[in-house]
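These notes are about the structure you will find just below.
Number of protein chains: 2
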Amino acid sequence: MKAIILAGGSGTRLWPVSRYGLPKQFIKLNGGKSLLCQTVERLAAVVPLHDIFVITNQDYQFHVQADLRSVSPTIENNVILEPVGRNTAPAIALVMKYCLEKLKCKNDEVIFICPSDHIIEPVEKFAKYARQAETAAKAGSIVTFGIKPSRPETGYGYIKKGGKGPGVCKVEKFAEKPDLKTAEKYLKDGNYYWNSGMFSFTIATMLAEFKAYAPEISRKMPQTLAKMLADFKNMPSISIDYAVMEKSKKAAVLPIDILWSDVGSWDSLPEVIKPDSDGNVKVGDVLALDTKRTIVMGENRLISTIGLKDLIIVDTVDALLIARRGEAQRVKEVVDMLKERKRKEVVEHTTTYRPWGSYTVLEEGPRYKIKRIVVNPGHKLSHQLHYHRSEHWIIVKGTAKVTLGKTTSLVHENESTYVPKSTGHRLENPGKVPLEMIEVQNGEYVGEDDIVRFNDIYGRDKKK
Amino acid sequence: MKAIILAGGSGTRLWPVSRYGLPKQFIKLNGGKSLLCQTVERLAAVVPLHDIFVITNQDYQFHVQADLRSVSPTIENNVILEPVGRNTAPAIALVMKYCLEKLKCKNDEVIFICPSDHIIEPVEKFAKYARQAETAAKAGSIVTFGIKPSRPETGYGYIKKGGKGPGVCKVEKFAEKPDLKTAEKYLKDGNYYWNSGMFSFTIATMLAEFKAYAPEISRKMPQTLAKMLADFKNMPSISIDYAVMEKSKKAAVLPIDILWSDVGSWDSLPEVIKPDSDGNVKVGDVLALDTKRTIVMGENRLISTIGLKDLIIVDTVDALLIARRGEAQRVKEVVDMLKERKRKEVVEHTTTYRPWGSYTVLEEGPRYKIKRIVVNPGHKLSHQLHYHRSEHWIIVKGTAKVTLGKTTSLVHENESTYVPKSTGHRLENPGKVPLEMIEVQNGEYVGEDDIVRFNDIYGRDKKK
Numbered sequence: 001m002k003a004i005i006l007a008g009g010s011g012t013r014l015w016p017v018s019r020y021g022l023p024k025q026f027i028k029l030n031g032g033k034s035l036l037c038q039t040v041e042r043l044a045a046v047v048p049l050h051d052i053f054v055i056t057n058q059d060y061q062f063h064v065q066a067d068l069r070s071v072s073p074t075i076e077n078n079v080i081l082e083p084v085g086r087n088t089a090p091a092i093a094l095v096m097k098y099c100l101e102k103l104k105c106k107n108d109e110v111i112f113i114c115p116s117d118h119i120i121e122p123v124e125k126f127a128k129y130a131r132q133a134e135t136a137a138k139a140g141s142i143v144t145f146g147i148k149p150s151r152p153e154t155g156y157g158y159i160k161k162g163g164k165g166p167g168v169c170k171v172e173k174f175a176e177k178p179d180l181k182t183a184e185k186y187l188k189d190g191n192y193y194w195n196s197g198m199f200s201f202t203i204a205t206m207l208a209e210f211k212a213y214a215p216e217i218s219r220k221m222p223q224t225l226a227k228m229l230a231d232f233k234n235m236p237s238i239s240i241d242y243a244v245m246e247k248s249k250k251a252a253v254l255p256i257d258i259l260w261s262d263v264g265s266w267d268s269l270p271e272v273i274k275p276d277s278d279g280n281v282k283v284g285d286v287l288a289l290d291t292k293r294t295i296v297m298g299e300n301r302l303i304s305t306i307g308l309k310d311l312i313i314v315d316t317v318d319a320l321l322i323a324r325r326g327e328a329q330r331v332k333e334v335v336d337m338l339k340e341r342k343r344k345e346v347v348e349h350t351t352t353y354r355p356w357g358s359y360t361v362l363e364e365g366p367r368y369k370i371k372r373i374v375v376n377p378g379h380k381l382s383h384q385l386h387y388h389r390s391e392h393w394i395i396v397k398g399t400a401k402v403t404l405g406k407t408t409s410l411v412h413e414n415e416s417t418y419v420p421k422s423t424g425h426r427l428e429n430p431g432k433v434p435l436e437m438i439e440v441q442n443g444e445y446v447g448e449d450d451i452v453r454f455n456d457i458y459g460r461d462k463k464k
Numbered sequence: 001m002k003a004i005i006l007a008g009g010s011g012t013r014l015w016p017v018s019r020y021g022l023p024k025q026f027i028k029l030n031g032g033k034s035l036l037c038q039t040v041e042r043l044a045a046v047v048p049l050h051d052i053f054v055i056t057n058q059d060y061q062f063h064v065q066a067d068l069r070s071v072s073p074t075i076e077n078n079v080i081l082e083p084v085g086r087n088t089a090p091a092i093a094l095v096m097k098y099c100l101e102k103l104k105c106k107n108d109e110v111i112f113i114c115p116s117d118h119i120i121e122p123v124e125k126f127a128k129y130a131r132q133a134e135t136a137a138k139a140g141s142i143v144t145f146g147i148k149p150s151r152p153e154t155g156y157g158y159i160k161k162g163g164k165g166p167g168v169c170k171v172e173k174f175a176e177k178p179d180l181k182t183a184e185k186y187l188k189d190g191n192y193y194w195n196s197g198m199f200s201f202t203i204a205t206m207l208a209e210f211k212a213y214a215p216e217i218s219r220k221m222p223q224t225l226a227k228m229l230a231d232f233k234n235m236p237s238i239s240i241d242y243a244v245m246e247k248s249k250k251a252a253v254l255p256i257d258i259l260w261s262d263v264g265s266w267d268s269l270p271e272v273i274k275p276d277s278d279g280n281v282k283v284g285d286v287l288a289l290d291t292k293r294t295i296v297m298g299e300n301r302l303i304s305t306i307g308l309k310d311l312i313i314v315d316t317v318d319a320l321l322i323a324r325r326g327e328a329q330r331v332k333e334v335v336d337m338l339k340e341r342k343r344k345e346v347v348e349h350t351t352t353y354r355p356w357g358s359y360t361v362l363e364e365g366p367r368y369k370i371k372r373i374v375v376n377p378g379h380k381l382s383h384q385l386h387y388h389r390s391e392h393w394i395i396v397k398g399t400a401k402v403t404l405g406k407t408t409s410l411v412h413e414n415e416s417t418y419v420p421k422s423t424g425h426r427l428e429n430p431g432k433v434p435l436e437m438i439e440v441q442n443g444e445y446v447g448e449d450d451i452v453r454f455n456d457i458y459g460r461d462k463k464k
């Protein structure tokens with residue numbers, strides 16, 4: 001069995017913590033590990049590490065690799081790159097082509113598809129269910145995992161099971177997101193389950209269902225992987241649910257009784273972090289007077305509250321969100337409005353992640369900018385120059401290998417160097433600990449676009 | 001007539017904007033000028049500028065001078081320094097001694113006492129009332145200014161007038177802060193007014209009332225100013241209201257019908273900044289969805305709100321306050337708790353003001369600290385050294401005169417200099433525009449207390 005994690009989403013409803021530049025699955029929401037890392041570790045209880053892969057897009061490649069590396073360096077390249085987003089059906093087609101061509105899988109290989117940004121506990125139960133589903137998949141079913149509903153939720157699609165037995169049953173039907181009245185009916189009925197977005201099936205089964213119900217995708221399957229990637233933008237954009245599941249006669253559901261959250265909005269945080277005796281969830285530096293049933297997600301800033309009830313407060317360095325509980329779905333509206341106004345706070349965090357590390361803009365003015373730069377061990381930035389600014393580099397931690405013009409030298413902690421305008425330069429961390437540097441830029445123009453690179457962002461020299 | 005502004009308070013209830021390091025009267029709450037500046041300008045419609053003085057304590061001396069200078073450089077030294085806070089009765093005694101000894105006033109001089117942190121409009125009405133009060137003061141009254149109440153306020157003391165006439169009347173009695181029921185009675189009665197904290201009286205009248213009712217203060221009046229200052233800590237700590245006003249037969253009240261706010265808490269902000277059609281007050285970068293009757297005081301950060309009603313949100317760089325409207329008085333509780341926990345956020349802002357300018361800590365770690373330093377034209381820092389850190393100085397704007405060891409040189413924009421550990425150094429701005437510099441400190445210890453000064457904080461060399 002191969003476990004494939006879908007990690008391409010951009011998590012708008014968890015703004016301002018989740019942004020396009022570093023979305024939800026890479027955020028450490030409830031402790032020290034990102035949701036993606038937690039998913040990988042959960043799957044490692046089901047399949048060997050080397051059989052876990054992540055499909056994502058170019059923008060998130062190195063984030064995914066950084067997270068995989070943190071679980072184990074041996075799997076940092078278990079990444080399948082989607083050239084462009086086309087929803088889950090084409091993604092699954094690409095995954096199967098990758099498994100057949102690159103991993104030399106046979107048609108009877110079971111593929112276990114999982115989202116990257118859910119919370120599921122406990123691991124042992126999850127592993128048991130995953131193996132049950134594997135057995136049913138080998139017998140020809142496409143197995144979905146149905147979560148026993150705990151409330152009349154209107155935000156999820158539902159699966160109605162046909163048949164009584166415990167374990168895997170046929171699916172009687174898939175139901176759209178219901179209104180409240182209908183959701184209450186489903187809850188009472190006892191045969192309706194939340195669709196968790198996980199699927200288990202053999203390559204052979206899915207190929208047959210693509211052929212029967214999604215010919216536009218099916219006819220691309222004989223291509224080589226390279227051709228499919230080159231042609232991927234011509235795939236129809238459609239979910240596996242619409243393309244196959246709702247039509248297939250092989251759809252099955254495994255009802256699972258487990259702690260599950262899709263962490264879909266700030267309203268779901270109490271499912272993930274247990275509230276205290278006042279019903280509050282408090283993360284960060286929080287002083288709360290007379291405050292009840294309130295979610296406070298803080299970072300470094302001191303947050304004090306007086307007399308609040310039923311609120312959501314999410315504080316980040318450059319953006320603050322305060323919403324009434326129950327209204328968190330509307331964060332998407334806020335994000336859309338900010339996008340329209342071209343606000344950078346929907347895309348960037350104050351810290352920008354790069355393959356070689358990160359930089360944080362500490363302060364900027366019309367003629368200067370100050371950054372804190374972190375270069376991971378063994379990494380380097382591109383060889384570059386700027387026409388409009390000079391830079392002062394002050395090493396605060398670690399040792400830097402600096403190329404200036406034609407000269408290369410080592411610069412140590414507490415030492416500094418000066419990069420004049422229009423001078424080629426390169427920064428590298430040759431050591432074993434992260435390199436931390438303060439960069440003070442000064443000149444008539446300090447925009448990020450004033451840069452000429454002699455090689456690309458991955459440090460690979462441009463071909464002449 | 002001399003106008004004296006009381007500017008010693010520390011404005012706890014407007015935390016986190018107002019803090020001990022830079023309290024309420026120096027904050028630009030509703031536009032480009034501090035409340036103190038607005039008070040000075042208001043009084044300039046009543047008396048000549050040079051007859052306006054400010055009494056404050058040592059900690060705020062240069063803040064007051066900076067504000068006075070911004071109104072007019074000719075009055076930057078119109079400052080009376082209180083050695084220690086002893087409430088308003090001793091402060092008034094000190095003011096009178098200063099007027100008699102330093103300003104050569106006669107006993108018939110009228111003294112007009114005003115708080116520094118109220119909003120009063122329009123100026124023309126204020127000036128008219130001030131002159132009415134001056135006339136009554138010359139005739140022997142101690143005139144208070146009673147604000148016609150606009151609501152059953154429980155946070156102020158009240159004055160009940162005796163007598164019908166418009167204009168100055170005798171005071172029938174002073175009433176303590178009432179409960180709600182009593183405040184509603186006062187509002188209906190028509191003869192009760194809010195005590196605005198302003199007083200008008202001649203030196204002769206007040207000296208007589210001190211003699212009759214506050215002998216402990218009265219017996220210090222014959223001293224010289226120098227002796228009174230040296231002995232000031234032995235003054236009883238008592239308000240003029242308790243010491244004299246509630247006992248005196250010369251107390252009078254001038255009812256005034258004017259726009260007045262003591263900006264006593266965040267709940268009073270709508271008196272000062274007109275709410276919009278949703279009842280919201282929005283300062284800063286605010287995106288509000290479905291939000292009503294909510295006060296948002298932002299600075300640089302983007303603030304988005306969804307579905308809020310009747311809230312107060314005050315956002316500063318290092319501290320955030322969110323309270324239910326009506327509960328803003330409880331900010332004092334929060335400040336007391338933070339004081340107990342020795343939190344710096346009750347004392348300091350992220351920008352610290354000094355006589356020579358200011359510094360803002362941009363970032364700090366165990367072995368480094370980055371500051372943005374602004375030195376005003378013509379000012380300099382103390383000649384100093386540090387045992388545990390070196391510093392890189394990068395000039396981003398203006399020209400610096402730098403002394404390192406025995407050498408002095410000029411450092412220009414985009415140039416930098418390095419200050420080794422344990423090396424005497426001095427920074428000065430010899431130019432006409434503010435000097436802006438980035439300082440990167442690096443060493444085994446970067447605390448503010450690692451400093452040896454060869455002269456004091458005002459740049460005056462220490463006597464050997």
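Those sequence lines, one after another, are chains A and H. For the record, in the first sequence the residue sitting at position 151 is 151 according to this note's numbering, with numbers rising by one throughout. For the record, in the second sequence the residue sitting at position 201 is 201 according to this note's numbering, with numbers rising by one throughout. For glycine and all other residues, C-beta sits at the position ideal for the given N, C-alpha and C. Note that the structure is a prediction, hence the values are computed from the model and not measured.
Item to check | Where the segment 363 to 389 of chain H meets chain A: residues whose CB sits under 8 Å from a CB there | outcome: Glu363, Gly365, Arg367, Tyr368, Ile370, Arg372
Checklist entry - By DSSP, does Gly9/H sit in helix, in strand, or in coil? => result coil
Checklist entry - Just reading off the beta strand (DSSP E) that Ser382/H is part of, what are its end residues? => result No beta strand (DSSP E) contains Ser382/H, which DSSP labels as neither H nor E.
Next on the checklist: Considering Cα atoms alone, identify which of Val143/H, Trp393/H, Asn429/H is closest to Asn442/H.
Outcome noted: Trp393/H
Next on the checklist: Within a Cβ cutoff of 6 Å, which residues of the same chain sit near Ile92/A, ignoring the five residues on either side of it in sequence?
Outcome noted: Ile240
Item to check | Assumed close pair Leu6/H, Pro73/H - CB separation to whole angstroms, cut-off 8 Å | outcome: The pair is not a contact, with the Cβ atoms about 23 Å apart (cut-off 8 Å).
Checklist entry - Which residues in the same chain have their Cβ closer than 6 Å to the Cβ of Val446/A, if we skip the five residues on either side of it in sequence? => result Lys369, Arg389
Next on the checklist: To the nearest angstrom, how far is the alpha carbon of Pro270/A from that of Ile295/A?
Outcome noted: 8 Å
Checklist entry - Is the Cβ of Ala187/H closer than 9 Å to any Cβ of chain A? => result Here residue 187/H is Leu; the residue named in the question, Ala, does not match the sequence. Not closer than 9 Å to any Cβ of chain A, the Cβ of Leu187/H fails to qualify, so no.
Checklist entry - Going by alpha carbons, who is nearest to Ser248/H out of Ser237/H, Ala323/H, Ser141/H, Ile120/H? => result Ser141/H
Next on the checklist: Tell me which residues of the segment 42 to 69 of chain A have at least one Cβ-Cβ distance to chain H shorter than 9 Å, keeping chain order.
Outcome noted: none
Checklist entry - Would you call the CB atoms of Ser200/H and Val143/H closer than 9 Å? => result yes
Checklist entry - Touching or not, the segment 278 to 288 of chain A and the segment 298 to 312 of chain A, by the rule of three or more beta carbon pairs under 8 Å? => result yes
Checklist entry - Lys380/H: which of Glu184/H, Arg354/H, Ala139/H, Leu308/H sits nearest, CA to CA? => result Arg354/H
Item to check | Spatial distance of Lys463/H from Gly197/H (CA atoms) | outcome: Note that Lys463/H scores 46 on pLDDT, short of 50, meaning its location in the model is unreliable and no value can be drawn from it.
Next on the checklist: If we define contact as Cβ-Cβ less than 9 Å, is Leu321/H a contact residue for chain A?
Outcome noted: yes
Next on the checklist: Any beta carbon of chain H sitting closer than 9 Å to that of Lys464/A?
Outcome noted: Because Lys464/A carries a pLDDT of 39, less than 50, the predicted location of this residue cannot be relied on, and no value is offered for it.
Item to check | Near-chain H residues of the segment 431 to 443 of chain A - C-beta to any C-beta below 9 Å | outcome: Glu436, Ile438, Val440, Asn442, Gly443
Next on the checklist: Does Phe454/A pass the burial test, meaning 16 or more other C-beta atoms within 10 Å, or should it be called exposed?
Outcome noted: exposed
Checklist entry - Do the segment 58 to 73 of chain A and the segment 94 to 102 of chain A make contact, defined as three or more Cβ pairs closer than 8 Å? => result no
Item to check | Residue span of the beta strand (DSSP E) that contains Ala45/A, given as start and end | outcome: That residue, Ala45/A, is in no beta strand (DSSP E); it is neither H nor E in DSSP.
Checklist entry - Secondary structure at Leu320/H, three-state DSSP: helix, strand or coil? => result strand
Next on the checklist: Checking 9 Å against the spacing of the C-beta atoms, do Val335/H and Thr12/H come in under that value?
Outcome noted: yes
Checklist entry - Considering only residues of the segment 81 to 147 of chain A, which uninterrupted alpha helix (DSSP H) runs meet the minimum length of 4 residues and lie entirely inside it, listed in chain order? => result 88 to 101, 123 to 138
Checklist entry - Roughly how many angstroms lie between the CA atoms of Val402/H and Leu410/H, to the nearest whole one? => result 6 Å
Item to check | Cβ pair count under 8 Å reaching 3, the segment 80 to 92 of chain H against the segment 203 to 220 of chain H | outcome: yes
Next on the checklist: Using a Cβ-Cβ distance cut-off of 9 Å, determine whether Arg343/H contacts chain A.
Outcome noted: yes
Checklist entry - When the cut-off is 9 Å and only beta carbons count, does Ile295/A lie next to chain H? => result no
Next on the checklist: For Trp15/H, which residues in the same chain have their Cβ closer than 6 Å to its Cβ, ignoring the five residues on either side in sequence?
Outcome noted: Val331, Val335
Item to check | With 16 other Cβ atoms within 10 Å as the buried cut-off, status of Asn77/A | outcome: exposed
Next on the checklist: Quick check on the DSSP output: what are the complete beta strand (DSSP E) runs of length 3 or more inside the segment 288 to 332 of chain H, in order along the chain?
Outcome noted: 295 to 306, 311 to 315, 319 to 324
Next on the checklist: One question on the structure: do Leu180/A and Thr154/A come within less than 9 Å of each other, judged by their Cβ atoms?
Outcome noted: yes
Checklist entry - Under 9 Å between the Cβ atoms of Ser277/H and Ala328/H? => result no
Checklist entry - Can you pull the DSSP bridge partners for Asp285/H? => result Leu302/H
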